[in-house]
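Input: a single structure, listed below in structure tokens.
Numbering (this note's numbering), first residue to last: 3 to 417.
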């Protein structure tokens, strides 16, 4: 993403006439049930501060559609006040000189003492805050329907992939879909990165998917990861291509499928439907990943605005995002955990408490790793290339393991 100098001059010169005093326009892609409920809480807080919220929701769970729309808005000199952006993409936007400095808000609200350093660093550009973090999602979860497991004779959640395939076979023979999956590249990679983490461990994950080390990508461990990934595909249904992630979650919820590999925003769907963890659905770290944690931090980058009223609304939005009240109610709805340290987890369920504990523990042991599938680890261009390759491999059984691995090495070299 490189905006040319002429466009940047236009961005700097054009007054954002669309923003009126006290209005905050927010671009986001929270459009599913649990997500929309969470966004509504932020609107409510902003309304209580006397500001009007202009919703700019763009459907598409991975956010790709939203980024396309955002780029056109910035190029035209009419950016929203805030946009849902995360990971290295924050730095890329900041390099273009279009993001607002949030240090005055961050200092007043003591963000440096409230955020884990690994998270704070992602929100900063050249030492200054340009984005506000909303939450921490764990990506390496597997969700299950306990009734389906019981009917299939599966006693416990699988701890490794050998156990997983035994369970999947039982579920299939019992007449259910073993793995609910949606066919989009970010969903394919969500499953793939959990497989790589479960087969190879946190250090291998870092070497292969974060550092993109050709030696790791060409290794026998990656070969085994690709074999495991393809074997999972055999337990999905033929209708999965193009399916949205929340519809796959609904398959588990409705007792049509046994398992789903998905981040804990899936729990937000269960909860929004009135389901109870441990009773109506089960959660566990993806096979082989109990001592690791792939994190995905949702955040809002703030864009430079000229209207004073819009700037005030924007600052209040940043403060509201990090407030204990919003952090609690938002994450209870979304399925994630608060990004603020030392938050009470008393109102949270057992899945969230496990997530919070593992987040703290893995930060100390080196098992805390960024999710590639969800834009936390590598440049958007490289991420897009390897996501596309992994999806091609997933969808085309004619691509051999060896050929798929060679293509992965080549895709990882994309700049």
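No residue lacks a Cβ here, since even glycine has one placed at the ideal position from N, Cα and C. The model shown is predicted, which means the values in this text are computed figures rather than measured ones.
Q: Return the residue from the list 361, 40, 100 that minimises the CA-CA distance to residue 306.
A: Out of 361, 40, 100, the CA that lies nearest to the CA of residue 306 is found in 100.
Q: Could you tell me if residue 343 is buried or exposed, where buried requires 16 or more neighbouring beta carbons within 10 angstroms of its beta carbon?
A: By the beta-carbon neighbour count (other beta carbons within 10 angstroms, threshold 16), residue 343 is exposed.
Q. Near residue 408, what residues of its chain come up, given a Cβ to Cβ distance below 7 Å and the 5 sequence neighbours on each side ignored?
A. Around residue 408: no qualifying Cβ.
Q: Note down, one range per segment and in chain order, each beta strand (DSSP E) of at least 3 residues found wholly within the segment 342-417.
A: If one requires a minimum length of 3 residues, the beta strand (DSSP E) runs lying completely within the segment 342-417 are 370-372, in chain order.
Q: Evaluate contact between the segment 377-397 and the segment 358-369, counting only Cβ atoms and requiring at least three cross-stretch pairs below 8 Å.
A: In short, these stretches do not touch, since the Cβ pair count stays below three.
Q) Is DSSP giving residue 32 helix, strand or coil here? A) The answer is coil: DSSP assigns residue 32 none of H, G, I, E or B.
Q) So what does DSSP say about residue 301, is it helix, strand or coil? A) Of the three classes helix, strand and coil, the one that applies to residue 301 here is strand, per DSSP.
(Q) Here's a check: name, in chain order, each residue in its chain whose Cβ is nearer than 6 Å to the Cβ of residue 4, leaving out the five neighbours to either side. (A) Unreliable placement is indicated for residue 4, whose pLDDT of 49 sits below 50; the coordinate value is still reported in the next sentence. Contacts found: none.
Q) Where does residue 296 fall in DSSP's three states? A) In the displayed model, residue 296 falls within a strand according to three-state DSSP.
Q: Report yes if the CB atom of residue 197 is closer than 7 Å to the CB atom of residue 227, and no otherwise.
A: The answer is yes: Cβ separation under 7 Å.
Q) In chain order, which continuous runs of the beta strand (DSSP E) of length 3 or greater are located wholly inside the segment 118-173? A) For the beta strand (DSSP E) assignment, the uninterrupted runs of no fewer than 3 residues enclosed by the segment 118-173 are, from N- to C-terminal side, 133-135, 137-140, 143-146.
Q) Across which residues does DSSP place residue 86 in a beta bridge pair? A) Answer by DSSP bridge pairing, in chain order: 302.
Q) For residue 321 versus residue 111, is the C-beta spacing smaller than 7 Å? A) Against a cut-off of 7 Å, the Cβ pair of residue 111 and residue 321 comes out as a contact.
Q. Quick one, are the C-beta atoms of residue 58 and residue 90 less than 7 Å apart?
A. Cβ distance not < 7 Å, so residue 58 and residue 90 don't count as in contact.
Q | Cα-Cα separation, residue 115 to residue 243 | A | Each residue's Cα considered, the two are about 44 Å apart.
Q. Taking all protein chains shown into account, do 16 or more other C-beta atoms lie within 10 angstroms of the C-beta of residue 78, making it buried, or fewer, making it exposed?
A. Exposed, since its Cβ has fewer than 16 Cβ neighbours within 10 Å.
**Q.** the segment 124-140 touching the segment 295-315, judged by at least three CB pairs closer than 8 Å
**A.** Put simply, the segment 124-140 touches the segment 295-315. At least three CB pairs are less than 8 Å apart.
Q) For residue 185, which beta-bridge partners are listed by DSSP? A) DSSP, once it has assigned bridges, lists 243 as partnering residue 185.
**Q.** residue 403 versus residue 395 - alpha carbon distance
**A.** Taking the straight line from one Cα to the other gives about 8 Å.
Q: Count the other CB atoms, across all protein chains shown, that sit within 10 Å of the CB of residue 157; report buried if there are 16 or more and exposed otherwise.
A: So residue 157 ends up on the exposed side.
Q.
Using C-beta distances below 7 Å, list every residue in its chain close to residue 60, excluding the 5 sequence neighbours before and after it, in chain order.
A. Cβ contact annotation for residue 60 (same chain, cutoff 7 Å, sequence separation greater than five): 29, 31, 67, 68, 71, in chain order.
Q: Check residue 281 in the structure and name its three-state DSSP category.
A: Correct three-state label for residue 281: coil.
Q: Give me the Cα-Cα distance between residue 269 and residue 52, rounded to the nearest whole angstrom.
A: Using only the alpha carbons, I get a separation of about 32 Å.
Q) Does any C-beta atom of chain B lie closer than 7 Å to the C-beta of residue 263? A) The displayed structure is made up of one protein chain only, and chain B is not part of it.
**Q.** Beta-carbon contacts of residue 95 that lie in its chain and below 7 Å, excluding the five residues immediately before and after
**A.** Taken in chain order, the residues that qualify are 87, 101, 303.
Q) Expressed to the nearest angstrom, what Euclidean distance is found between the alpha-carbon atoms of residue 113 and residue 317? A) Whole-angstrom Cα-Cα distance: 14 Å.
Q.
Going by DSSP in three states, residue 54 sits in which element: helix, strand or coil?
A. Looking at residue 54 - three-state DSSP - the assignment turns out to be strand.
Q: Would you mind giving the Cβ-Cβ distance between residue 314 and residue 267, rounded to the nearest angstrom? I have them listed as a contact below 8 Å.
A: Contact flag wrong, Cβ pair sits at about 31 Å.
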